[in-house]
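S.K.:
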Amino acid sequence: ELFSKLSAASGAAVPVLFDAALRAIRESRDDVLWPAAKVIKRFRGEALEQRLPDLSPLVRSDQAPTRRLSALFLGILADRSAAHYLVELLRDPDETVRYEAIDSLFEITGDDLGYVSDATDAERSPAVARWDAWLAERR
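Everything in the sequence shown is counted per this note's numbering, starting at -5 for the first residue and increasing by one.
1) With 16 other CB atoms within 10 Å as the buried threshold, where does Val108 fall?
2) Compute the distance between the beta-carbons of Ala77 and Asp86, then report whether it is under 8 Å.
3) Just the C-alpha distance for Lys35 and Asp115, rounded to the nearest angstrom, thanks.
4) Let me confirm a value: Ser169 is counted as buried when at least 16 other C-beta atoms fall within 10 Å, else exposed. Which label applies?
5) According to DSSP, is Tyr79 helix, strand or coil?
6) Just the Cα atoms here: how many angstroms apart are Arg17 and Ala127?
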């Protein structure tokens, strides 16, 4: 119910929802993450971009489920300014994290640049290099 009330609110709800989403990621709560992210997505812009650095510790967590949910969250937001976090996660040792990262990058860009999450490191390496180049072109 909180999400439906905040959904009807303005972009001022973004900080509250962003905090709820970060808690949901830390606690592996998909049931909270999805609705929060969907409302936040409606209010993209400066408020969202200012909060993206708060995801950095979660993207770099030692817990794979936290990294996976971070990638999922970024994909739902579909904000190009978060792509660097997702490219970082393409190198993750956990296949589920890599899968969410490439799925989210595809959601944001419409392309996977030939990346396959369940390929070997050697097979993924050229595609990761293409993603690195893609990022470099946009900085």
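Note that beta-carbon positions come from the ideal geometry of N, C-alpha and C, so glycine has one too.
Just so we're clear, the structure is a prediction, and the values are computed from it rather than from any experiment.
M.R.: Put simply:
1) Checking the sequence, you will find Gly at residue 108 rather than Val. Around the beta-carbon of Gly108, fewer than 16 other beta-carbon atoms lie within 10 Å, marking it exposed.
2) Remark: C-beta atoms of Ala77 and Asp86 do not approach each other more closely than 8 Å.
3) Rounded to whole angstroms, the separation of the alpha carbons of Asp115 and Lys35 is 33 Å.
4) The structure shown does not extend to residue 169, since the chain is modelled only from -5 through 133, so no value can be given for it.
5) Per DSSP, reduced to three states, the secondary structure at Tyr79 is helical.
6) Cα to Cα, the separation comes out at about 33 Å.
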